[in-house]
Amino acid sequence: MVATNGSRYANVMRVSVNMERTRVTNTFWMNPGPFEDSSILTKNITLKMWRMGNIMIEACEAIAENKELLHTLQKFKFQIGMLEQYDSCAFGLLQSLGIATKVWLSATAVWRMQPFALGLESPLSFVPELLAPFNDEMSFIDRLINFGVAQVTQLIYLYHSQATETEIFRRVKGRNFPNLLDLSASSHLSLINSMSVLDFPTPQSSNILYSGGFTVEKSRRRLSNARLF
Numbered sequence: 004m005v006a007t008n009g010s011r012y013a014n015v016m017r018v019s020v021n022m023e024r025t026r027v028t029n030t031f032w033m034n035p036g037p038f039e040d041s042s043i044l045t046k047n048i049t050l051k052m053w054r055m056g057n058i059m060i061e062a063c064e065a066i067a068e069n070k071e072l073l074h075t076l077q078k079f080k081f082q083i084g085m086l087e088q089y090d091s092c093a094f095g096l097l098q099s100l101g102i103a104t105k106v107w108l109s110a111t112a113v114w115r116m117q118p119f120a121l122g123l124e125s126p127l128s129f130v131p132e133l134l135a136p137f138n139d140e141m142s143f144i145d146r147l148i149n150f151g152v153a154q155v156t157q158l159i160y161l162y163h164s165q166a167t168e169t170e171i172f173r174r175v176k177g178r179n180f181p182n183l184l185d186l187s188a189s190s191h192l193s194l195i196n197s198m199s200v201l202d203f204p205t206p207q208s209s210n211i212l213y214s215g216g217f218t219v220e221k222s223r224r225r226l227s228n229a230r231l232f
């Protein structure tokens, strides 16, 4: 359990991207009910992910065109940039600021697009996609579904949000602006908020570091009988 976080010791900048807050919350958090099919291959969930991609694209465009924000950030002369995995806009932002050292974060387990960008392929025959409800022992039908989930998420990530955001930066910064996929591939380190022993077997890289785990303070007091089970 985390009692605090590093943001209390840092300068936090909140930037408006000219978007209604209800649109974001309604899209991100209004999930299907407990008795509805929440599989990624259902129409409602696929459309939800597409709409989430649209929100990230619009936010990215607002950030890329915000010259005042870029000018302010350049004054700090950052040497290292850290960014999350689900959207690629931050790669374009770091490139615009001239920040070459990038640490790619994952708040969850490894998502296949991270190793993919770093040159690793995850065999879908025994490595379940992050959003698929499988383990590493899949039947033939499970593998087909796992492959389908992988193709849907890859389509939305690479060819919808990432490709569109690349074009946004090329329109703002010039046609020679690098592809965001290439920028993600140049990440120096990928930090995963999980433990390798708790994840499924998958090809590894020295650029991928599992930083998650459980930390419990040592106590001299013995647990009560009510807690021993």
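In our numbering, each residue carries its 1-based index in the sequence shown increased by 3.
From the three backbone atoms N, C-alpha and C, an ideal C-beta is built for every residue, glycine too.
Subject >> Every unbroken beta strand (DSSP E) inside the stretch 137 to 210 [3 residues or more] >> reply: 192 to 195
Original post:
Looking only at C-alpha atoms, which of Glu124, Thr205, Ile159, Arg26 sits nearest to asparagine 138?
Top reply: The residue labelled residue 138 in the question sits at position 135 within the sequence shown. The shortest Cα separation from asparagine 138 among Glu124, Thr205, Ile159, Arg26 belongs to Thr205.
Original post:
Does the stretch 94 to 102 come within contact of the stretch 172 to 192, defined as at least 3 CB pairs closer than 8 angstroms?
Top reply: The answer is yes - the stretch 172 to 192 touches the stretch 94 to 102, with three or more Cβ pairs under 8 angstroms.
Subject >> Buried or exposed by the 16-neighbour rule on C-beta atoms within 10 Å, applied to phenylalanine 79 >> reply: Here residue 79 corresponds to residue number 76 of the sequence shown, with the count starting at 1. Phenylalanine 79 is exposed by the Cβ-count criterion.
**OP:** Would you decide whether alanine 120 is buried or exposed? Buried here means 16 or more other CB atoms lie within 10 Å of its CB.
**Re:** For this step, residue 120 is matched to residue 117 along the sequence shown. The residue in question, alanine 120, is buried, as its Cβ has 16 or more Cβ neighbours within 10 Å.
Subject >> Per-residue DSSP class, three states only, for threonine 104 >> reply: Counted from its first residue, the sequence shown places residue 104 at position 101. Looking at threonine 104 - three-state DSSP - the assignment turns out to be strand.
**OP:** Please classify serine 99: does DSSP put it in a helix, a strand, or coil?
**Re:** Locating residue 99 in the sequence shown gives position 96, where the first residue counts as 1. Correct three-state label for serine 99: helix.
**OP:** Go through its chain and collect everything with a Cβ distance to threonine 125's Cβ below 7 angstroms, but skip five positions before and after it.
**Re:** For the purposes of this step, residue 125 is identified with residue 122 of the sequence shown, where counting begins at 1. The sequence shown places serine at residue 125, rather than the threonine named in the question. Only Arg115, Pro118, Thr205, Pro206 meet the Cβ criterion.
Subject >> When Ser10, Trp32, Asp90 are compared against isoleucine 60, the one with the closest alpha-carbon >> reply: Here the question's residue 60 lines up with position 57 in the sequence shown. The residue with the shortest Cα to Cα distance from isoleucine 60 is Asp90.
Original post:
What is the DSSP secondary structure of glycine 215, counted as helix, strand or coil?
Top reply: For this step, residue 215 is matched to residue 212 along the sequence shown. It is coil, neither helix nor strand.
Original post:
By how many angstroms is the C-alpha of arginine 26 removed from the C-alpha of valine 175?
Top reply: Against the sequence shown, residue 175 aligns to sequence position 172. Against the sequence shown, residue 26 aligns to sequence position 23. For valine 175 and arginine 26, the gap between their C-alpha atoms comes out near 26 angstroms.
Subject >> Cβ-based burial, glutamate 68 [other Cβ within 10 Å; buried from 16] >> reply: Residue numbering aside, residue 68 sits at position 65 when the sequence shown is read from its first letter. With fewer than 16 Cβ atoms within 10 Å of its Cβ, glutamate 68 is classed as exposed.
**OP:** Mind checking which residues open and close the alpha helix (DSSP H) that includes methionine 252?
**Re:** Within the shown structure, residues of the chain are numbered from 4 to 232, placing residue 252 beyond reach of any answer.
Subject >> Rounded C-alpha distance that separates isoleucine 83 from serine 209 >> reply: The count along the sequence shown starts at 1 and reaches residue 83 at position 80. The count along the sequence shown starts at 1 and reaches residue 209 at position 206. If I take the Cα positions, the gap works out to 19 angstroms.
Subject >> Straight-line Cα distance separating glutamate 140 from valine 20 >> reply: Counting from one through the sequence shown, the residue named residue 20 turns up at place 17. Counting from one through the sequence shown, the residue named residue 140 turns up at place 137. Straight-line measurement puts the Cα of glutamate 140 at about 44 angstroms from the Cα of valine 20.
Original post:
Over what stretch of residues does the alpha helix (DSSP H) that includes methionine 22 continue unbroken?
Top reply: Position 19 of the sequence shown, counting from 1, holds the residue named residue 22. Counting along the chain, methionine 22 falls outside any alpha helix (DSSP H), and DSSP gives it neither H nor E.
Original post:
Quick one: what's serine 91 bridged to in DSSP?
Top reply: As a first step, residue 91 is located in the sequence shown; it is residue number 88 there, counting from the start. Its beta-bridge partners do not exist; DSSP assigns none.
Original post:
Where alanine 62 and arginine 24 are concerned, what is the direct C-alpha to C-alpha distance, given to the nearest angstrom?
Top reply: Counting from one through the sequence shown, the residue named residue 62 turns up at place 59. Counting from one through the sequence shown, the residue named residue 24 turns up at place 21. Distance between the alpha carbons of alanine 62 and arginine 24: 12 angstroms.
Original post:
Out of Thr75, Thr28, Asn29, which has the shortest C-alpha to C-alpha gap to valine 15?
Top reply: Residue numbering aside, residue 15 sits at position 12 when the sequence shown is read from its first letter. Residue Thr75 is the option with its Cα nearest to valine 15.
Subject >> Contacts around leucine 108, its chain only, beta-carbon distance under 7 angstroms, and the 5 residues preceding and following it disregarded >> reply: The residue labelled residue 108 in the question sits at position 105 within the sequence shown. Once the five neighbours on either side are set aside, the close Cβ partners of leucine 108 are Met85, Leu86, Glu87, Gln88, Leu194.
**OP:** Rank Leu100, Ser128, Ala166, Leu133 by C-alpha distance to the C-alpha of serine 142 and give the top, closest one.
**Re:** Counted from its first residue, the sequence shown places residue 142 at position 139. The shortest Cα separation from serine 142 among Leu100, Ser128, Ala166, Leu133 belongs to Ser128.
Original post:
For leucine 44, which residues of its own chain have a beta-carbon under 6 angstroms away from its beta-carbon, when the five flanking residues on both sides are left out?
Top reply: Taking the first residue of the sequence shown as 1, we reach residue 44 at position 41. Leaving aside the five residues that flank leucine 44 on each side, the residues in its chain whose CB is nearer than 6 angstroms to its CB run, in chain order, Gly151.
Subject >> Collapsed DSSP secondary structure at methionine 85 in the structure displayed >> reply: The sequence position of residue 85 within the sequence shown is 82, counting from 1. Shown here, methionine 85 sits in a strand according to DSSP, grouped into three states.
**OP:** Give every residue of the same chain whose Cβ lies closer than 6 angstroms to the Cβ of aspartate 145, excluding the five residues on either side of it in the sequence, and list them in chain order.
**Re:** Start at 1 with the first residue of the sequence shown, and residue 145 comes out as number 142. Contacts found: Phe137.
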